[in-house]
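Numbering (full-length UniProt numbering), first residue to last: 1 to 708.
This is the structure in structure tokens:
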């Protein structure tokens, strides 16, 4: 799993009350709105919308099965969200919600009872740990829940979240749906504890909607004992090669006899790979027939393994909404429910993004501006990157203009060819030179090669998170496409009526003119004229962007294009005199994301007034850089690029997003939930600072240094 590195330090200080946690969580999302489901026909077994099942609550952020996780899941999800509880039994036969048979895997029990580790045989394997059967409920009240996946944030580990009983979850939260999962019935039976007897007893006071287990004998023991209106039974499949412990058959062999499964269960719970397998290169292969086969057998199909902060198939472009849609709205079938660590994303997918086509009505107006084309999926500034950005729904495609030694302007993300091509592996590697005016590091610069030489270079996809997180982008297309000249770029844009404009970025103009004798400003103007952008033959809007005000002034002197000033620094405020100065040479401003929502160690701290002040002064505000990879987003956005976009558009009111993944932003425009009078909670903008407010003070990230 790839994620942000966690801090190994644990702070085990119990918070004085969990009520405060609930109050602040409610501030993050307004009171639950009964979301209206799509009226389109779902291809589920009964035609209803797929269920969203919150595994341990909102366990992608808070400790699994904590009160905060369950509360947040209910407040940020569909009204009928199902709360999932992994049932364990204590020494005094109390049922608790805990995600693992070994309590050390998601609590601080090692610190509290360091000498009480034991060994047991679990499914035939000797396992060491701290097991619930060795502790009474009273003893476990001294134990706090922590994250079970150590790549996730440690900031809530010291909040003192208590282990909850099944009755706690039922009485304190009153869930609309409650799912109890029994993972190790055979183990408890070996220790003379009866899980089936416990469930029958607790069902008299707790409403149980679903019971699941990976053990066939467990269902045989409870068959017929809950009555006609009892819970639905769901058989859980583990890996195909794993052995079911009570029949000594692999789950793969059981899968071939769904008629047998139907004799004791009304549904099945399977890993994602049972339905949409992934090959060795992490690409999807054609889906199996499991959903259709199960539906024919009268079985509902639930799918496990959904989490926003794990590796997914490259086909999804690191976008969790796209992954959910492939299971619930693919034209061939819909699964009946999804088990998720991030139920906010599953809820938004089902209610807001299912059954909408590319031509659906746009519910919100802002510009989707590409960054080097669709450079999250293809090498930037290539023909395929631009063509796919247009296909993906970009309103504006961009060209960062560079100059070849023979004076040809062309599109490339960097003046250093080594940043976006394989030039260092060619005969041109000996042309590396130091240029201190541009960089402290030597490079092979565009003005060192002719355009024919550059055209023959192999482009390379950008991988901004590979070195630290080992996250790659679309390896099959890592060298696809060809670099194109500015003239070719402008001709391409003219051919697509779906585009409203082009953004041309010009940097290093003074150096190129003074040291290389290359006038990039004049080259751009000449190319615009040559391609018909100055004589009225095209309605495509032209925007000129630069971090250098003198470049924008030069363009304004010669023709009236919209000029865009890019502020490189992260700023927290902007004075009136600075705004008036900018308005002398620019119509719009580009700022970075942190200038809108500053963060400290990936937690939002506040919202600045920069966007508000710029817009009040009639300056259009664009924000960059939006990426789909979850490590690019603060934790407040729940590892979901759509939540981030929504907060900048609906929350901060920016005029456009500059993105390497234009499809994600373009799809957000068609989001049906934004067209309602009452916006559901999973489509409300995030309140910056909300997560910091519920942390233990000793776990807070350090205060930020002030920005200019």
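Even glycine gets a Cβ: it sits at the ideal position worked out from N, Cα and C.
* To do: Specify whether the stretch 162-171 and the stretch 140-148 touch according to this definition: at least 3 beta carbon pairs, one from each stretch, less than 8 angstroms apart.
  => They touch, by the three-pair rule.
* Any idea if residue 559 is buried or exposed, counting beta-carbon neighbours within 10 angstroms, 16 or more meaning buried? -> exposed
* Excluding sequence positions up to five away, which residues of its chain have a Cβ less than 6 angstroms from the Cβ of residue 594? -> Same-chain partners within the cutoff: 570.
* Terminal residues of the beta strand (DSSP E) in which residue 659 lies -> 656-659
* To do: From the DSSP output, read off the bridge partner residues of residue 399.
  => 504
* **the stretch 238-246 / the stretch 203-212 touching (three or more Cβ pairs under 8 angstroms)** => no
* Just mark residue 692 as buried or exposed, buried being the case when its beta carbon has 16 or more other beta carbons within 10 Å. => buried
* **Within 7 angstroms, strictly: CB atoms of residue 308 and residue 639** => Yes, the Cβ-Cβ distance between residue 308 and residue 639 is below 7 angstroms.
* Start and end of the beta strand (DSSP E) containing residue 343? -> Annotation: residue 343 is outside any beta strand (DSSP E); the continuous alpha helix (DSSP H) that includes it extends over 343-348.
* Asked: Can you tell me whether DSSP reads residue 613 as helix, strand or coil?
  -> helix
* To do: Compute the Euclidean distance between the alpha carbons of residue 460 and residue 403, then round it to the nearest angstrom.
  => 19 angstroms
* residue 167 - containing alpha helix (DSSP H), residue span -> 166-173
* Asked: Below 7 angstroms between beta carbons: does that hold for residue 218 and residue 185?
  -> yes
* Run through DSSP, which three-state label would residue 206 get? -> If DSSP states are grouped into helix, strand and coil, residue 206 belongs with coil.
* Tell me whether residue 310 sits in a helix, a strand or coil according to DSSP, three-state version. => Residue state, collapsed to three classes: coil.
* Asked: Taking Cβ positions, are residue 59 and residue 343 nearer each other than 7 angstroms?
  -> no
* Which same chain residues, not among the five before or five after residue 665, have their C-beta less than 7 angstroms away from its C-beta? -> 368, 626, 645, 657, 659
* Asked: Helix, strand or coil: which one does DSSP assign to residue 374?
  -> Three-state DSSP puts residue 374 in a strand.
* In three-state DSSP terms, what is residue 703? -> coil
* Could you work out which residue in 170, 72, 50 is closest to residue 85 when comparing CA atoms only? => 170
* Per DSSP, the bridge partner or partners of residue 46 -> In the DSSP output, where bridge partners are listed per residue, residue 46 has none listed.
* To do: Take residue 529 and list the residues in its own chain whose beta-carbon comes closer than 7 angstroms to its own, dropping the five residues that flank it on each side.
  => none
* In the structure shown, what three-state DSSP assignment does residue 595 receive? -> helix
* Asked: Rounded to whole angstroms, how far is the Cβ of residue 643 from the Cβ of residue 637, which I believe are closer than 8 angstroms?
  -> Rounded, the Cβ-Cβ distance is 5 angstroms, consistent with contact.
* To do: Reducing DSSP to helix, strand and coil, say where residue 127 ends up.
  => strand
* To do: For residue 388, collect the residues of the same chain with a Cβ closer than 8 angstroms to its Cβ; drop the 5 residues on either side in sequence, then sort them by chain order.
  => 373, 374, 377, 378
* Sufficient close CB pairs (3 or more, under 8 angstroms) joining the stretch 300-315 to the stretch 591-608 -> no
* To do: Note down, in chain order, each residue of its chain lying with its Cβ closer than 7 angstroms to the Cβ of residue 352, except the 5 sequence neighbours on either side.
  => 671, 672, 673, 683
* Asked: In terms of alpha-carbon separation, which member of 147, 312, 359, 591 lies closest to residue 471?
  -> 312
* **Span separating the alpha-carbon of residue 437 from that of residue 702** => 35 angstroms
* Asked: Going along the chain, which unbroken runs of the beta strand (DSSP E) with 3 or more residues stay wholly within the stretch 462-508?
  -> 501-506
* Asked: When burial is assigned at 16 or more other CB atoms within 10 Å of the CB, is residue 108 buried or exposed?
  -> Counting every other CB atom within 10 Å of its CB across the protein chains shown gives residue 108 a total of 16 or more, marking it as buried.
* Using the beta-carbon count (16 or more within 10 Å), is residue 260 buried or exposed? -> exposed
* When DSSP labels each residue in this structure, what does residue 411 get in the three-state scheme? -> strand
* **Per-residue burial, residue 265 [other beta carbons within 10 Å of its own, 16 or more giving buried]** => buried
* Asked: Between which two residues does the beta strand (DSSP E) containing residue 54 stretch?
  -> 51-55
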